[in-house]
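Under numbering that gives the first Met the number 0, the first residue of the sequence shown carries the number 0, and numbering increases by one thereafter.
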Amino acid sequence: MATILIADDRPSDRLAFDAVLSGAGHQVLEASDGEEALALTRSRHPDLVIADIVMPVMDGYDFVKALRQDPATAKTPVIFCSAIFAESEARDLAELCKVSHIILKPSPKEVILQTVAEVLRQAPAAGSPGEQADKEHARLLRQTLLGKVGELELAKQQVGLLLQREAVPAESLTQVFSAHPPLRPILLVEDNPMDVDLTLQAFTEHNVANPIAVCRDGEEALRYIEAHASPQDHELPLLVLLDLRLPNVDGIEVLRQARQHPVWKQVPIIVMTTSRENADIAAAYELGINSYIVKPVDFGTFSDTVGALKMYWMLINQPPFAGPHES
């Protein structure tokens, strides 16, 4: 089996690749940006690097450029991965770097393993991008920013790269931030102030860009449901995290009324509660929840749970209503 380096600034994406590749018997190394990936490639000589195109410090393009200029690493195979670029744009950037394969995020396990197997079988690539490739890279970055970027985190990373390569008019930057409607919120229904703070902290740690709406009892949650009842309402949540132990109106009743609503019956609802009671679990599933999670007691485990929620419900899962949803 091969040694494969995953270069990606998102921990949840590295975790997803690690799970697939380790499960297939490969040894996995990890880097959170292009500069770290370059150092690891020089020191550990992996058989293959899977590199995100968009990374802080050094992006995937500059990483491959530096890789190809060093005789010790010039023939290291690279696969580009991306959740931001369209397939055609990702392939254009890959061709500039003489990178033969791409993986769009998220991709099924079978696609990842097949792509890795194909690259490991083929002859090593060589050659470094030239000046014309640099210009095309800048053009594609600019085009993608103006057409696709809808969240601050990505904008901060990519605008910095863009400004280094070509002058961008102020009105173009305005287009970057105004081209998309707002992200749908995550609705947190939780009465415990400490659990609210822990959840918000975990979302911040995992770079969740979606706004968080908080309802602190069941009555407030029911009012929210009535106030945001249209699929076109940008306050209709992408996801609901629901505690069962709520004052005034309990979580089971909130769930019952939500599932009776023609729009809210399609909204993903995850119960996050301290209750391990079989009766609560059965009642919640009977009313159509999507998942039941018992709250972890320590923050590290809780944060990992939030990261897993983000990976599946915000990146992999296709939501029922149109609109931007990736964090």
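Glycine included, each C-beta is placed from N, C-alpha and C at the ideal position.
Let me check understanding here. Comparing Cα to Cα, which of the options lies closest to residue i?
i: Arg-217; options: Ala-226, Asp-249, Thr-304; result: Note that residue 217 is Gly in the sequence shown, not Arg. The shortest Cα separation from Gly-217 among Ala-226, Asp-249, Thr-304 belongs to Asp-249.
i: Pro-55; options: Ser-229, Leu-243, Gly-33; result: Gly-33
i: Leu-240; options: Pro-184, His-227, Glu-276; result: Pro-184
i: Leu-103; options: Ala-30, Arg-41, Gln-26, Asp-12; result: Asp-12
i: Leu-237; options: Leu-14, Ile-268, Asp-46, Ser-274; result: Ile-268
i: Val-63; options: Gln-113, Glu-35, Val-253, Pro-230; result: Glu-35
i: Asp-279; options: Lys-309, Leu-243, Met-310, Gln-256; result: Leu-243
i: Leu-308; options: Thr-198, Leu-221, Ser-229, His-260; result: Thr-198
i: Arg-327; options: Ser-274, Ala-30, Arg-275, Glu-285; result: Any question about residue 327 goes unanswered here, given that the chain covers just 0 to 326.
i: Ile-83; options: Ser-99, Tyr-311, Pro-105, Met-193; result: Pro-105
i: Met-57; options: Pro-45, Ala-30, Ile-78; result: Ala-30
i: Gln-121; options: Ile-78, Glu-88, Pro-192; result: Ile-78
i: Val-253; options: Lys-97, Ser-274, Glu-219; result: Glu-219
i: Ser-229; options: Lys-264, Glu-204, Arg-255, Pro-210; result: Lys-264
i: Gly-287; options: Arg-255, Tyr-311, Arg-9; result: Arg-255
i: Met-310; options: His-205, Asn-289, Pro-210, Glu-225; result: His-205
i: Ala-116; options: Glu-189, Gly-24, Lys-97, Leu-28; result: Gly-24
i: His-260; options: Asn-191, Pro-10, Glu-225, Arg-90; result: Glu-225
Please work out which residues of its chain come closer than 7 Å, Cβ to Cβ, to residue i, disregarding the five sequence neighbours upstream and downstream, and give them in chain order.
i: Glu-135; result: No answer about Glu-135 holds up, because its pLDDT of 49 lies below 50 and its placement is not dependable.
i: Ala-201; result: Phe-301, Ser-302, Val-305
i: Leu-151; result: For Leu-151, the predicted structure reports a pLDDT of 44, less than 50, and the residue's modelled location is therefore unreliable. A value from the coordinates is still provided. Hits under 7 Å: Ala-208.
i: Gln-231; result: none
i: Pro-295; result: Phe-301, Thr-304
i: Ile-211; result: Pro-184, Ile-185, Leu-187, Leu-199, Phe-202
i: Pro-192; result: none
i: Asp-8; result: Ser-31, Asp-32, Asp-51, Met-54, Pro-55
Pull up the distance between the alpha-carbon of residue i and that of residue j, whole angstroms please.
i: Pro-318; j: Val-266; result: 8 Å
i: Leu-161; j: Asn-316; result: For Leu-161, the pLDDT reaches just 48, beneath the cut-off of 50, and the residue's location in the model is therefore unreliable, although a value from the coordinates is still provided. Looking at the two C-alpha atoms, the distance is approximately 31 Å.
i: Glu-86; j: Asp-51; result: 13 Å
i: Arg-43; j: Met-313; result: 33 Å
i: Val-213; j: Tyr-223; result: 10 Å
i: Leu-92; j: Ala-6; result: 17 Å
i: Arg-215; j: Glu-276; result: 22 Å
i: Ser-81; j: Pro-246; result: 44 Å
i: Glu-109; j: Asp-17; result: 14 Å
i: Glu-88; j: Thr-272; result: 43 Å
i: Asp-61; j: Gly-22; result: 30 Å
i: Ala-154; j: Ala-38; result: Confidence in Ala-154 is poor, its pLDDT being 46 and thus under 50, which makes the residue's placement too unreliable to answer from.
i: Ile-101; j: Gly-59; result: 12 Å
i: Glu-325; j: Pro-181; result: Because Glu-325 sits at a pLDDT of 44, beneath the cut-off of 50, its placement in the model cannot be relied upon, and the point is left open.
i: Pro-10; j: Leu-221; result: 35 Å
i: Asp-299; j: Pro-107; result: According to the sequence displayed, residue 299 carries Gly and not Asp. Going by the C-alpha atoms only, they are around 28 Å apart.
i: Met-0; j: Asp-190; result: 50 Å
i: Ser-99; j: Leu-28; result: 21 Å
i: Ala-15; j: Thr-114; result: 15 Å
i: Ser-274; j: Arg-90; result: 48 Å
i: Ser-290; j: Lys-97; result: 43 Å
Terminal residues of the continuous alpha helix (DSSP H) containing residue i?
i: Tyr-284; result: 277-285
i: Leu-254; result: 250-259
i: Thr-40; result: 33-43
i: Gln-200; result: 192-204
i: Thr-72; result: Note, Thr-72: premise wrong, no alpha helix (DSSP H); not H, not E.
i: Leu-14; result: 10-22
i: Ile-315; result: Neither: Ile-315 is in no alpha helix (DSSP H) and is coded neither H nor E.
i: Ala-89; result: 86-95
I'd like the span of the beta strand (DSSP E) that includes residue i, first residue to last.
i: Ile-78; result: 77-81
i: Thr-272; result: 268-272
i: Tyr-291; result: 290-293
i: Leu-186; result: 185-188
i: Ile-211; result: 211-214
i: Gln-113; result: From DSSP, Gln-113 is part of no beta strand (DSSP E) but of the alpha helix (DSSP H) over 108-120.
i: Leu-241; result: 238-241
i: Ala-328; result: Given a span of 0 to 326 for the chain in the structure shown, any question on residue 328 remains unanswerable.
i: Gln-26; result: 26-30
i: Val-48; result: 47-51
i: Leu-103; result: 100-103
Please work out which residues of its chain come closer than 8 Å, Cβ to Cβ, to residue i, disregarding the five sequence neighbours upstream and downstream, and give them in chain order.
i: Thr-40; result: Leu-4, Val-48, Leu-66, Thr-72, Thr-75
i: Ala-282; result: Ile-251
i: Pro-70; result: none
Among residues of its own chain, excluding the 5 on either side of residue i, which ones have a beta-carbon nearer than 6 Å to its beta-carbon?
i: Glu-331; result: This structure cannot settle anything about residue 331, because the visible part of the chain is limited to 0 through 326.
i: Thr-2; result: Gln-26, Pro-45, Asp-46
If contacts are defined as beta-carbon pairs under 8 Å, then residue i and residue j qualify, I think. What distance do you get, rounded to the angstrom?
i: Val-270; j: Ile-292; result: 7 Å
i: Leu-119; j: Val-19; result: Wrong, their Cβ atoms sit about 15 Å apart, outside the cutoff.
i: Leu-187; j: Val-195; result: 7 Å
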